[in-house]
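Residue numbers (our numbering), protein chains in the order written: chain R, 1 to 372; chain A, 1001 to 1512.
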């Protein structure tokens, strides 16, 4: 119904009909039945983003095709590139699943970055305060604490929203800065490595505190976490009672309420899970890649994950693909620096992709018709 | 030469996606007449009106206004042609006064001082007076009754210089008394030479007010005739496509034990407004209790409270002898209360989910539907398939999002869900709103089936015919209380109307 009304409101005004009867007019209509957009929209969005960014790259005096080729080979062309891409995929995928769960019930958690950091800090706390634990105790404890810390950080957004109607967009974003400052406090203050030449980071983790790696690569056990999380995510929404309840809330909260579902309680559970996954990503990053907590531990994984989730439209398989592509974008971004471009080029691409995906989702329902 | 029609539509087609809302419609209205566009919900009346008022544009076909071919591309174009529309849902800003609402579209003057306002108030007053419309121009709209708000809308249209006035379902929100006043206004408009087109599905009104009548069904224009040459029976036949089956008659049946006992119920809606005050009622086994009343007199709140969705501040609710301690949907579901809400897509269904998921809504916790926290996928699909067949829901498949079903099929699905649970008590709110006769009849059959099986039904409806046809007892709600009660035998339309309008004294007098 609203679609029809909106269609009327959006009719393109092209001057009075009686005054200019021969002018061919286009009419913009919103299809009232259709929601969502065709499957190819994310792909088209990526293509459009590449095209637009090409203009800016060319303006920098560099051949955009060469840049894209360099990014492609840098990210996917070599064994090292691919494993690096996978290393970046792990936190992106975990955080993206986290935000996807929240987005499924229309809870706009943009605080994955903060939840990631909370998980990273909690895992590091184990290495600081219980430095001598053996691997079989240290790693599970770090994993559990990382998840719990991320989940609690998520609850800091969910509780005010559930009981005091505090807008989650603002609170989750603000809590990111809180987490960042907390990180700074720890790495510049009490947890700073005394032998680290003033480097803002904790002491290096021991082998007992590090997630095992695959062979000699930097690819670590976190990949198993991430893939397990995708499967669990897909399975939960498809087959479980809880997943059904969440789908119901996402589709129509009023109907969910009349099915006897406690919306506030579900919100808390969802944010525990959502933050917990981001927290797990943080744990995996410190324990599997950096082997220490340090200043700037996340290059914005929590934010990029939002884009990853949107491109995937929260679809499990889509999440895997888009997380991998965005991992490649980050790695490829490093390699274009040799061409004299800032590594921010890849951030520009990320932003442009999100922009076009959102535009595509909005325009997917619009039809342009010729009017006689 | 013959005088041209005020409005003429030729071969109008309008498509929304695959839905054909107007199918080659020819429609003509003479200047200075009151023309009724009659048809069921969904027959295409409102679409036709919307095309005249510039909200939609026809897919094909011509519109002629006073003999000239025009292209109405926006409500502004329509107004320039002297066409004004009073929508079913009023387009008023509640916090502004009536006069401010009327002047909203005014663009002639930048400076709006006191003198300007005084002058405008006089103009509005003059327009209102000319047509005998009493409008309290300086009161904010939210303080006005529905009838008064409608008059504001009419004055707004007149003030803007319309002489072809479209009214979409003007009486659907009015009490019988207010409807009478509206008709008086329409007669005055006609006397002043205005052309009036109104849509309705109520035969009684058509026979009372219209000069000529056009009947639509399923997007097609069937016939236009003079009122004097037709009668209600013929119109009803045209409208429904067959003679009304003399309606389903419930068999006489002695009600059994009380299922629902409500005593002294008081419920507050937002901002300290008391929606229900000290209300008591009983529904027994094998009984349909109908609640009549104009919308907004506490019916929705009553239904929500009994469905466990709204808490109460006083009184007791007992279902099957067990008292409810607090508002809880789970309690309501588990004690066998089914609820068909008034707006099915708003609170009864999840539009983007498929048929199976929507059927599961109330029962997914039961062991037959899920165990160990997992839904029993295949079993649920089989069950859903049998329900879809049993309740004759027409859908492309079980995976169709319910949003894509027609209103009638959505309602059938909802009833399938609520009836299949074998409820002890069914609370049905406007169960046939927006349904065609066929779908409405199957809904009525379901309600009577529940009654025959010894279940209790609380039927809340604005459709008086429906309430009177199905109910064993009729209660009338006004101002959050039950102001009148009648058994089926001594139910009387006039008296119910008086109760609905809050005129209990008159009603009691008439009764005695």
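Beta carbons: idealized from backbone N, C-alpha and C, even for Gly.
Note that the structure is predicted; figures quoted are calculated from it, not measured.
Close Cβ partners of residue i (< 6 angstroms) along its chain, the five nearest in sequence each way excluded
| i | result |
| --- | --- |
| residue 209(R) | 127 and 138 |
| residue 149(R) | 118, 119, 122 and 279 |
| residue 1405(A) | 1395 |
| residue 1158(A) | 1127 |
| residue 1257(A) | 1285 |
| residue 234(R) | 316 |
| residue 1485(A) | 1475 |
| residue 1253(A) | 1286 |
| residue 1452(A) | none |
Pairwise C-alpha distance: residue j and residue i
| i | j | result |
| --- | --- | --- |
| residue 1103(A) | residue 1156(A) | 8 angstroms |
| residue 135(R) | residue 207(R) | 8 angstroms |
| residue 1150(A) | residue 1381(A) | 48 angstroms |
| residue 1101(A) | residue 1049(A) | 22 angstroms |
| residue 1092(A) | residue 58(R) | 54 angstroms |
| residue 953(A) | residue 1413(A) | As shown, chain A starts at 1001 and ends at 1512. That puts residue 953(A) outside it, with no answer to give. |
| residue 1367(A) | residue 1375(A) | 9 angstroms |
| residue 18(R) | residue 1098(A) | The predicted position of residue 18(R) is uncertain, since its pLDDT is 42 and thus under 50; a value taken from the coordinates is nonetheless stated next. So the two alpha carbons sit approximately 34 angstroms from each other. |
| residue 300(R) | residue 342(R) | 17 angstroms |
| residue 95(R) | residue 325(R) | 15 angstroms |
| residue 1267(A) | residue 1499(A) | 21 angstroms |
| residue 89(R) | residue 323(R) | 5 angstroms |
| residue 275(R) | residue 46(R) | 28 angstroms |
| residue 1183(A) | residue 1400(A) | 45 angstroms |
Where the alpha helix (DSSP H) through residue i begins and ends
| i | result |
| --- | --- |
| residue 1358(A) | 1355 to 1360 |
| residue 1199(A) | Unbroken run through residue 1199(A) is the beta strand (DSSP E), 1195 to 1200; no alpha helix (DSSP H). |
| residue 265(R) | 263 to 284 |
| residue 54(R) | 41 to 59 |
| residue 326(R) | 316 to 335 |
| residue 204(R) | Segment: none, residue 204(R) is in no alpha helix (DSSP H) and carries neither H nor E. |
| residue 219(R) | Premise fails: residue 219(R) is in no alpha helix (DSSP H) and is neither H nor E. |
| residue 89(R) | 79 to 104 |
| residue 1330(A) | 1329 to 1334 |
Beta-carbon contacts of residue i that lie in its chain and below 8 angstroms, excluding the five residues immediately before and after
| i | result |
| --- | --- |
| residue 1415(A) | 1340, 1391, 1431, 1443 and 1446 |
| residue 70(R) | 332, 335, 336, 338 and 339 |
| residue 156(R) | 171 and 175 |
| residue 1322(A) | 1335 |
| residue 1078(A) | 1052, 1053, 1054, 1072, 1084 and 1085 |
| residue 211(R) | 139, 220, 221, 222, 284, 287 and 288 |
Residue span of the beta strand (DSSP E) that contains residue i, given as start and end
| i | result |
| --- | --- |
| residue 1014(A) | 1007 to 1016 |
| residue 1287(A) | 1287 to 1292 |
| residue 1274(A) | 1273 to 1284 |
| residue 247(R) | No beta strand (DSSP E) holds residue 247(R); the alpha helix (DSSP H) holding it covers 241 to 251. |
| residue 1428(A) | 1425 to 1429 |
| residue 1485(A) | 1481 to 1487 |
| residue 313(R) | No beta strand (DSSP E) contains residue 313(R), which DSSP labels as neither H nor E. |
| residue 346(R) | Element bounds for residue 346(R): not the beta strand (DSSP E) but the alpha helix (DSSP H), 344 to 363. |
| residue 1478(A) | 1473 to 1478 |
7 angstroms CB neighbourhood of residue i in its chain, flanking five on each side removed
| i | result |
| --- | --- |
| residue 1203(A) | 1232, 1235 and 1236 |
| residue 76(R) | 82, 85 and 328 |
| residue 1207(A) | 1227 and 1232 |
Which runs of the alpha helix (DSSP H), 4 residues or longer, sit entirely within the stretch 1212 to 1263 of chain A? Fully enclosed alpha helix (DSSP H) runs of 4 or longer: 1232 to 1240.
Per the contact definition of three or more C-beta pairs closer than 8 angstroms, is the stretch 118 to 135 of chain R in contact with the stretch 276 to 288 of chain R? A contact between stretches requires three or more CB pairs, one per stretch, nearer than 8 angstroms, and the stretch 276 to 288 of chain R meets this requirement with the stretch 118 to 135 of chain R.
Validate contact between the stretch 304 to 312 of chain R and the stretch 201 to 220 of chain R using beta carbons, cut 8 angstroms, 3 pairs: Counting Cβ pairs under 8 angstroms, fewer than three are found: no touch.
For a minimum of 4 consecutive residues, which ranges assigned as the alpha helix (DSSP H) are wholly contained in the stretch 1118 to 1174 of chain A? 1146 to 1159, all fully within the stretch 1118 to 1174 of chain A.
Do the stretch 1163 to 1173 of chain A and the stretch 1125 to 1139 of chain A make contact, defined as three or more Cβ pairs closer than 8 angstroms? Touching, no.
In chain order, each beta strand (DSSP E) run of at least 3 residues that lies wholly inside the stretch 1376 to 1454 of chain A: Taken in chain order, the complete beta strand (DSSP E) segments of 3 residues or longer contained in the stretch 1376 to 1454 of chain A are 1425 to 1429.
If contact is defined by three or more beta carbon pairs under 8 angstroms, each pair taking one atom from either stretch, is the stretch 249 to 259 of chain R in contact with the stretch 1351 to 1361 of chain A? With the rule of 3 Cβ pairs closer than 8 angstroms, the stretch 1351 to 1361 of chain A counts as touching the stretch 249 to 259 of chain R.
With a threshold of 8 angstroms, are at least 3 pairs of Cβ atoms found where one atom belongs to the stretch 1027 to 1041 of chain A and the other to the stretch 1073 to 1091 of chain A? Flag = no, the stretch 1027 to 1041 of chain A and the stretch 1073 to 1091 of chain A do not touch.
Three-pair Cβ contact test at 8 angstroms for the stretch 1170 to 1181 of chain A versus the stretch 1191 to 1208 of chain A: Yes, the stretch 1170 to 1181 of chain A touches the stretch 1191 to 1208 of chain A.
Is it the case that the stretch 1307 to 1315 of chain A contacts the stretch 1487 to 1507 of chain A, given that we only count it when at least three CB pairs across the two stretches are under 8 angstroms? The stretch 1487 to 1507 of chain A makes no contact with the stretch 1307 to 1315 of chain A, as fewer than three CB pairs between them are under 8 angstroms.
Answer yes if the stretch 337 to 356 of chain R comes into contact with the stretch 1020 to 1040 of chain A, meaning at least three C-beta pairs across the two stretches below 8 angstroms, and no otherwise. Contact fails: fewer than three Cβ-Cβ distances are below 8 angstroms.
Complete runs of the beta strand (DSSP E) confined to the stretch 1300 to 1327 of chain A [at least 3 residues]: Counting only runs of 3 or more, we get 1314 to 1319.
Three or more C-beta pairs below 8 angstroms linking the stretch 1445 to 1463 of chain A and the stretch 1279 to 1293 of chain A: Under the 8 angstroms Cβ criterion, the stretch 1445 to 1463 of chain A counts as touching the stretch 1279 to 1293 of chain A, having at least three qualifying pairs.
Is the stretch 1001 to 1012 of chain A touching the stretch 1061 to 1068 of chain A, taking contact as three or more C-beta pairs under 8 angstroms? Yes, since at least three Cβ pairs between the stretch 1001 to 1012 of chain A and the stretch 1061 to 1068 of chain A fall closer than 8 angstroms, the two stretches touch.
Could you tell me which whole alpha helix (DSSP H) segments of length 4 or greater appear in the stretch 1064 to 1124 of chain A? Listed in chain order, the alpha helix (DSSP H) runs fully inside the stretch 1064 to 1124 of chain A are 1075 to 1080 and 1098 to 1102, counting runs of at least 4 residues.
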